[in-house]
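Visitor: First residue of the sequence shown? That's 25 in this note's numbering, and the numbers climb one at a time after it.
Below is the structure I would like to discuss, written out as structure tokens.
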Amino acid sequence: MKRIIALPSQRHMITTLLGRFDLTKSMQVYQLLRTGTAVITGVLLAKSGLKTEELGTWEALLFIGTLVVFTGVNGLLQAISPSYLQQSEQERPVFMQEVVLLFFALGGAIFTILLLFENILVPFFTGHSSLPGFGWYALFLFLQLPSLPTEIHFLVKNRPAAIFWWGLLGFGAQVIAVVIPAWWGWGLELMLQVLCAQAAVKLVFTFWIVGPIRSLQVQQKRITQYIQLAWPLVAASFVGNLIVFFDTWLVAHWFSDLSTFAIYRYGSRELPFALALASALGTSMVPRLIGNFNKGLQELRTRSATMFHVVFPSTILLLLTVHEWFPVVFNQALAPAASLFAIYLLLSLSRVLLPNSILVALSDVRIIWIVSLAELTVKVGTGWLFLHWWGLEGLAWSAILSFWFEKLALISWLWRKHSLPPSKWLHWKLYLLYTFLVAFVFGIVHGGY
């Protein structure tokens, strides 16, 4: 793979596609591929002939996987980059091998827990006694988890082309593994088996890329330092996913049918690429901020403004047309989810703000999980009330409120503790202009439904 990536003709092709082909753009393309995979898979499955109840089963499996596996994994991934930069040149390759091995052990533990406690976890998370294919999906999670650090490996090794190809080939194969069995009528269980095979191949490439783990001697000091930096981020990620869990759990237990669950899951989606672009920008900026903080802040401000010009016009366009295209893209049974989706589009207003990345670069990470605990409290309280008062749309508004609470709290902390007002890292006048336009369009369009 390394030789293939290094071919000049391929580098030229990617450069032509992406313009100035740097790490930030490659990470954004990678996250767009990740998000696009979820969107394309959802659309094609909705049109595959599967019943709404079967779509609900698939979404329930995805929900359990997201909650159980990725609850703290995002925090572990965020900590790789700063931990890697703290190591000497000789220790860095070994550190990446240790991280992959740690993820492999974590995946094995999660797989074992899911199988042992299936009869408890499935009813608790979904409100249903069983889910077809649960064991195969648990195996997929085990095989998938250790390959997640690979994109960070390419990031810290300054290999943008490798990030692109890893995303294109990996996510492309994942779409094929899910969609073809569904469209050919092979059934959910066989579809999950094909998905497991795809994840196994990806895992083999991961072990090949990071080096010979078989000869690795794990050093406790390196792992301990990594975990010390990672645990507040893991805690914040855990709490953040609890917020998602709470909403989905509440819907699953408040409404007894899988059809309503499917409507909620299809409607409770953000702007497909807003989170991808923001997450990629935040991840790629951490090494830059660590290397040259003031220059990194200016770059974050400039790149954020560029991102606004993509995210917010797209948000406005989708708000103007959501009720027309939503039932066409998915199906008529899922048309009620369009109103939910319109509300969740407003999350892009808070997603594009990146105080978290600055705090990670400053190693001031404990405040992130402290704020996340307060955010969870806000979400639980407003979620119960808003669902009772306004149904699923009320639940969506509670998500908007809680995410804004988090961002404003972290921005305030940066300002007071580190003397970093938003003007240092955010083009705030442009941001306020776009915020007004998005709110104005939403008020006109959504107010009529």
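C-beta atoms are modelled at their ideal positions from N, C-alpha and C, and glycine is treated no differently.
As the structure is a prediction and not an experimental result, all values here were calculated from the model.
1) Can you tell me whether DSSP reads LEU397 as helix, strand or coil?
2) Which same chain residues, not among the five before or five after LEU411, have their C-beta less than 7 Å away from its C-beta?
3) Which word fits ARG440, buried or exposed, when buried means at least 16 other C-beta atoms lie within 10 angstroms of its C-beta?
4) I need the boundaries of the alpha helix (DSSP H) containing ALA70, first residue and last residue.
5) Start and end of the alpha helix (DSSP H) containing ALA302?
6) The alpha helix (DSSP H) that contains HIS177, what's its start and end?
7) VAL203 to PRO360, Cα distance in whole Å?
8) Which term fits GLY405, buried or exposed, when burial requires 16 or more other beta carbons within 10 angstroms of its beta carbon?
9) Specify, as a first and last residue, the run of the alpha helix (DSSP H) that PRO147 falls within.
10) Count the CB pairs spanning the stretch 250–261 and the stretch 102–119 that are closer than 8 Å, and state whether there are at least three.
11) Can you have a look at ASN380 and say buried or exposed, based on whether 16 or more other CB atoms are within 10 angstroms of its CB?
12) Does the stretch 43–63 touch the stretch 298–312, meaning 3 or more C-beta pairs lie closer than 8 Å?
13) Whose C-alpha, out of LYS403, LEU227, ARG289, LEU456, is nearest the C-alpha of VAL67?
14) Starting from the C-beta of GLY235, find all residues in its chain whose C-beta is less than 7 Å away, skip the five residues before and the five after it, and write them out in chain order.
15) Rounded to whole angstroms, what's the CA-CA distance from TRP21 to ARG312? Just pull it up for me.
16) Quick check on this structure: which residue in ILE176, LEU450, ILE88 has the alpha carbon closest to the alpha carbon of THR326?
17) What are the complete alpha helix (DSSP H) segments, minimum 4 residues, inside the stretch 420–449?
18) Exposed or buried, which one is ILE144 when buried takes at least 16 other CB atoms within 10 Å?
19) On the DSSP letters alone, give me the boundaries of the alpha helix (DSSP H) that SER252 sits inside.
20) So, using beta-carbon positions, are ILE382 and HIS442 closer together than 9 Å?
21) Using a Cβ-Cβ cut-off of 7 Å (strictly less than) and excluding sequence neighbours within five positions of LEU216, which residues of its own chain qualify?
22) Using the rule of at least 16 other Cβ atoms within 10 Å of the residue's Cβ for burial, across every protein chain shown, is PRO445 buried or exposed?
23) With C-beta atoms as the reference, is VAL97 less than 9 Å away from SER261?
24) Please determine, among TRP414, GLU142, ALA185, the residue with the shortest C-alpha to C-alpha distance to SER363.
Guide: Let's see:
1) helix
2) LEU274, TRP278, GLY418, LEU419
3) exposed
4) 47–70
5) 298–315
6) 174–180
7) 24 Å
8) exposed
9) 142–150
10) yes
11) buried
12) yes
13) ARG289
14) PRO117, GLN121
15) Outside the modelled stretch of the chain, which goes from 25 to 473, sits residue 21, for which no answer is possible.
16) LEU450
17) none
18) exposed
19) In the sequence on display, residue 252 carries Gln and not Ser. Residues 244–278.
20) yes
21) GLY157, TRP160, TYR161, PHE164
22) exposed
23) yes
24) TRP414
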